[in-house]
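Asker:
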Amino acid sequence: MKTKGKVVGLVIATLVLAAFLSGGTVGAEDVTIGILYAFTGDFGIYGEPETDAMKLAVKEVNENGGVLGGKLKVIIRDTQSSEVTAREEAYMLVKVHEVPVIIGTSGSGPCMAIIDITTSNGVLQISPAVTGVEFTTYPDNDLFFRTCPSDELQGIAMARLAIRQGYKNNTASTLVLDNPYGVGFEEVFTEEFEDLGGEVLESVRYDPAATAFGSEVEKVAAVNPDFVMLCAYPETGSAILKTAYEKGYQENIDWLLSEGLMDGALAERVGKGEAGNYIIAGLKGTAPDPRAAGPANETFRQNYTAEYGREPIQFCPHSYDAVAVVALAIEKAGNASGTAIRDSIREVANPPGREVSDIGEALRLIREESWRDINYQGASGDITFDRSGDVRGSYCEWFIADNGSIVLGNPIEMKGPVVMPTPTPSPSPSPSPTPTVTPTPTPTPSPSPSPSPTPTVAPTPTPTPEEGVPGFEAVFAIAGLLAVAYLFRRRG
Numbered sequence: 001m002k003t004k005g006k007v008v009g010l011v012i013a014t015l016v017l018a019a020f021l022s023g024g025t026v027g028a029e030d031v032t033i034g035i036l037y038a039f040t041g042d043f044g045i046y047g048e049p050e051t052d053a054m055k056l057a058v059k060e061v062n063e064n065g066g067v068l069g070g071k072l073k074v075i076i077r078d079t080q081s082s083e084v085t086a087r088e089e090a091y092m093l094v095k096v097h098e099v100p101v102i103i104g105t106s107g108s109g110p111c112m113a114i115i116d117i118t119t120s121n122g123v124l125q126i127s128p129a130v131t132g133v134e135f136t137t138y139p140d141n142d143l144f145f146r147t148c149p150s151d152e153l154q155g156i157a158m159a160r161l162a163i164r165q166g167y168k169n170n171t172a173s174t175l176v177l178d179n180p181y182g183v184g185f186e187e188v189f190t191e192e193f194e195d196l197g198g199e200v201l202e203s204v205r206y207d208p209a210a211t212a213f214g215s216e217v218e219k220v221a222a223v224n225p226d227f228v229m230l231c232a233y234p235e236t237g238s239a240i241l242k243t244a245y246e247k248g249y250q251e252n253i254d255w256l257l258s259e260g261l262m263d264g265a266l267a268e269r270v271g272k273g274e275a276g277n278y279i280i281a282g283l284k285g286t287a288p289d290p291r292a293a294g295p296a297n298e299t300f301r302q303n304y305t306a307e308y309g310r311e312p313i314q315f316c317p318h319s320y321d322a323v324a325v326v327a328l329a330i331e332k333a334g335n336a337s338g339t340a341i342r343d344s345i346r347e348v349a350n351p352p353g354r355e356v357s358d359i360g361e362a363l364r365l366i367r368e369e370s371w372r373d374i375n376y377q378g379a380s381g382d383i384t385f386d387r388s389g390d391v392r393g394s395y396c397e398w399f400i401a402d403n404g405s406i407v408l409g410n411p412i413e414m415k416g417p418v419v420m421p422t423p424t425p426s427p428s429p430s431p432s433p434t435p436t437v438t439p440t441p442t443p444t445p446s447p448s449p450s451p452s453p454t455p456t457v458a459p460t461p462t463p464t465p466e467e468g469v470p471g472f473e474a475v476f477a478i479a480g481l482l483a484v485a486y487l488f489r490r491r492g
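Just so we're aligned: the sequence shown equals residues 1 to 492 in my numbering.
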């Protein structure tokens, strides 16, 4: 009987351990990170599509074993495009939820408002959409990264685009948001434009909280420039463009637009003229060129469209990559603290290392001891962080077509003499084969303070029995082992 009892006990113990190990690792815990983004306000238009890209990355991470043996989860909060709200929500994420990472924000003002909260608490912050120049030199203890390029590059791209237009006098006015995004953009553009032989006649910075812009538009137009460089977001930018039209300042003055206005619904926001045509059809601007990302971008675009039934917008690939590099850095570090992630993030993103663009393959390689480093090639392009946590980028023109959609145009060379183009393609509803059509218009965000989706959500469904819940498995395993010990004692 003793031998039989021992055999039964060993069989039970084996079955219990096998069931447990098939579902997770003993003591494995989920890792929760924060997402702080705008769903309402001036740049609320970006909230849902860009956080959806983050959720897609989280889903792929969890389908490939999660991180550190547990699930990767997120808590999402809405900044409401407000610096005050951003600080309040960041404090809750850091102090109450104790997240090691915050992804966000969308907007340089709210981002600058929270950076002291994150860095002083050892929390890593990574933004997919903040392009302000000030962040490059900010004393952040190497805890601030971004997957989008700085406006130090885009300001140069805008100046070179302006020269390429062949304006008669090469004179400009600038009208920009009075925040780190607008001010940094303005300064870089002005320096580069004047170095290339242009002249800035007037510079105006507007209050992001303003709702009327008559005096600002009057001031930049009164000096009769060839063009106005407008750096804005869709809500205030559309109001400015509509005001300029109503005052007759779009008849003889061109307007060049920053990437913050590259919204498929912008033409609809500004409206149509008496003839029934979109007021801003034909206007152009600069933006990071998604076509430079190669095959990884196309795979991401297909997966995103299949998941959500719509095309991604401009910073969706960067949003996906922000989650990807964080998850890979956590797995590489073997630790989910902000400083550990900081210390390993370049090991998974920068050369040398095996180039890989698939999240599942990247996680597998990290877990194999034979692979020391990987070089993640993102959906947004090559993710190589410099000493400041910045990445490089490629830029292109974009147009407002006659039907109000966004059309990508020619790449912009960032170095060497400015080559004047053979006639640039005229924007139209049916672009030539070279340009690529960007996202269809995104619905205008509701003025309601309640964003959609609800801010506090987990990006993946509640675990099903097939997925398993590590806490339950641990209890089950321990109970099984205690039962085996009891059988040994009874039958010993």
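Glycine residues also receive a C-beta, built at the ideal position from the N, C-alpha and C atoms.
Can the beta-carbon of Cys231 be found closer than 7 angstroms to that of Glu50?
Answerer: In the sequence shown, the residue the question calls residue 231 occupies position 231. In the sequence shown, the residue the question calls residue 50 occupies position 50. No, Cβ-Cβ distance for Cys231 and Glu50 is not below 7 angstroms.
Asker: CB Ala86 to CB Pro110, shorter than 7 angstroms?
Answerer: To locate residue 86, count along the sequence shown from 1; it is residue 86. To locate residue 110, count along the sequence shown from 1; it is residue 110. Yes; because the gap between Cβ atoms is below 7 angstroms, this pair is in contact.
Asker: Could you give the distance in angstroms between the alpha-carbon of Lys55 and the alpha-carbon of Pro100?
Answerer: Reading the sequence shown from its first residue, position 55 is the one you call residue 55. Reading the sequence shown from its first residue, position 100 is the one you call residue 100. One C-alpha to the other measures close to 18 angstroms.
Asker: Is it right to say Ala362 is buried, meaning 16 or more other beta carbons lie within 10 angstroms of its own, or is it exposed?
Answerer: Position 362 of the sequence shown holds residue 362. So Ala362 counts as buried.
Asker: Checking the sheet assignment: what are the DSSP bridge partners for Leu365?
Answerer: Within the sequence shown, numbered from 1, the residue matching residue 365 stands at position 365. DSSP lists no partner for Leu365.
Asker: DSSP three-state call for Glu413: helix, strand or coil?
Answerer: Mapped onto the sequence shown, residue 413 falls at position 413. In this structure, Glu413 counts as coil in the three-state DSSP scheme.
Asker: Once the 5 residues before and after Thr171 are set aside, which same chain residues still bring their CB inside 6 angstroms of it?
Answerer: The residue given as residue 171 occupies position 171 in the sequence shown. Within the same chain, Thr171 has close Cβ partners Glu199, Leu201, Pro225 and Asp226.
Asker: Rounding to the nearest angstrom, what Cα-Cα distance links Val326 and Leu408 in this structure?
Answerer: By one-based count along the sequence shown, residue 326 stands at place 326. By one-based count along the sequence shown, residue 408 stands at place 408. Distance between the alpha carbons of Val326 and Leu408 is about 30 angstroms.
Asker: Alpha carbon to alpha carbon, how far is Glu246 from Asp195? Give it in angstroms, no decimals.
Answerer: Within the sequence shown, numbered from 1, the residue matching residue 195 stands at position 195. Within the sequence shown, numbered from 1, the residue matching residue 246 stands at position 246. Distance between the alpha carbons of Asp195 and Glu246 is about 34 angstroms.
Asker: Going by the CB atoms, is the gap between Asp289 and Ser380 shorter than 7 angstroms?
Answerer: Indexing the sequence shown from 1 puts residue 380 at position 380. Indexing the sequence shown from 1 puts residue 289 at position 289. No; because the gap between Cβ atoms is not below 7 angstroms, this pair is not in contact.
Asker: Starting from Asp226, follow the alpha helix (DSSP H) in both directions and report where the run begins and ends.
Answerer: As a working note, residue 226 is residue 226 in the sequence shown. It is not in any alpha helix (DSSP H) - Asp226 carries neither H nor E in the DSSP assignment.
Asker: Using only the alpha-carbon positions, how far apart do Ile330 and Ile359 sit?
Answerer: As a working note, residue 330 is residue 330 in the sequence shown. As a working note, residue 359 is residue 359 in the sequence shown. Approximately 13 angstroms, taken between the alpha carbons.
Asker: Looking at Val217: is its Cβ nearer than 7 angstroms to the Cβ of Trp255?
Answerer: As a working mapping, residue 217 is identified with position 217 in the sequence shown. As a working mapping, residue 255 is identified with position 255 in the sequence shown. Taking 7 angstroms as the Cβ cut-off, Val217 and Trp255 do not qualify as a contacting pair.
Asker: Please determine, among Asn335, Pro352 and Phe213, the residue with the shortest C-alpha to C-alpha distance to Asp382.
Answerer: Residue numbering aside, residue 382 sits at position 382 when the sequence shown is read from its first letter. The residue with the shortest Cα to Cα distance from Asp382 is Pro352.
Asker: Please classify Gly334: is it buried, with 16 or more other beta-carbons within 10 angstroms of its beta-carbon, or exposed?
Answerer: Stepping through the sequence shown from its first residue, residue 334 is reached at position 334. Exposed, since its Cβ has fewer than 16 Cβ neighbours within 10 Å.
Asker: How about Ala172: is its Cβ closer than 6 angstroms to a heavy atom in the ligand MG?
Answerer: Ligands in the displayed structure: none, and consequently the ligand MG is not present.
Asker: Taking one C-beta from the segment 159-175 and one from the segment 293-311 each time, how about it: are there three or more such pairs within less than 8 angstroms?
Answerer: No contact exists between the segment 159-175 and the segment 293-311.
Asker: Please report the straight-line C-alpha distance between Thr305 and Thr299, rounded to a whole angstrom.
Answerer: Residue numbering aside, residue 305 sits at position 305 when the sequence shown is read from its first letter. Residue numbering aside, residue 299 sits at position 299 when the sequence shown is read from its first letter. Those two C-alpha atoms are separated by around 10 angstroms.
Asker: Under DSSP, the beta strand (DSSP E) around Thr174 begins and ends at which residues?
Answerer: Translated into the one-based positions of the sequence shown, residue 174 becomes position 174. First-last of the beta strand (DSSP E) with Thr174: Thr171 to Leu177.
Asker: Please state whether DSSP places Ser452 in a helix, a strand or coil.
Answerer: Translated into positions along the sequence shown, residue 452 becomes position 452. With a pLDDT of 33 at Ser452, under the threshold of 50, the predicted position of this residue should be treated as unreliable, though the coordinate-derived value follows. The answer is coil: DSSP assigns Ser452 none of H, G, I, E or B.
Asker: Output yes or no for whether 7 angstroms exceeds the beta carbon distance between Thr236 and Met158.
Answerer: Your numbering for residue 236 matches position 236 in the sequence shown. Your numbering for residue 158 matches position 158 in the sequence shown. Result no, Cβ atoms of Thr236 and Met158 do not sit closer than 7 angstroms.
Asker: Who are the near neighbours of Val220 in its chain, counting only those whose CB is closer than 6 angstroms to its CB and skipping five residues on each side?
Answerer: Locating residue 220 in the sequence shown gives position 220, counting from the first residue. So the qualifying residues of the chain are Ser173, Leu175, Glu202, Val204 and Val228.
Asker: Please return the same chain residues whose Cβ sits closer than 6 angstroms to the Cβ of Gly378, not counting the five positions on each side in sequence.
Answerer: Taking the sequence shown and counting its residues from 1, the one referred to as residue 378 is at position 378. Excluding residues within five positions, the ones whose Cβ falls inside 6 angstroms are Asp321.
Asker: Using 10 angstroms around the beta-carbon of Met112, count the other beta-carbons present and answer buried if the total reaches 16, otherwise exposed.
Answerer: As a working note, residue 112 is residue 112 in the sequence shown. Per the 10 Å Cβ criterion, buried.
Asker: Please classify Tyr249 as buried or exposed, where buried requires at least 16 other C-beta atoms within 10 Å of its C-beta.
Answerer: In the sequence shown, the residue the question calls residue 249 occupies position 249. Buried, by the Cβ-count rule.
Asker: Hey, could you find the ends of the beta strand (DSSP E) Leu541 is sitting in?
Answerer: Look at the range of the chain in this structure, 1 to 492, and you will see that residue 541 is not part of it.
Asker: If you pair each beta-carbon of the segment 133-146 with each one of the segment 67-75, do three or more pairs fall below 8 angstroms?
Answerer: No, because fewer than three Cβ pairs between the segment 133-146 and the segment 67-75 fall closer than 8 angstroms, the two stretches do not touch.
Asker: I need the straight-line Cα distance from Phe39 to Gly107, nearest angstrom please.
Answerer: To locate residue 39, count along the sequence shown from 1; it is residue 39. To locate residue 107, count along the sequence shown from 1; it is residue 107. In a straight line, the C-alpha of Phe39 is about 12 angstroms away from that of Gly107.
Asker: Of the choices Asn403, Gly404, Gly393 and Asp402, whose alpha-carbon is the least far from that of Lys415?
Answerer: Position 415 of the sequence shown holds residue 415. When each option's Cα is compared against that of Lys415, the closest is Gly393.
Asker: Helix, strand or coil for Lys332, going by three-state DSSP, please let me know.
Answerer: Looking up residue 332 in the sequence shown gives position 332. Three-state result, Lys332: helix.
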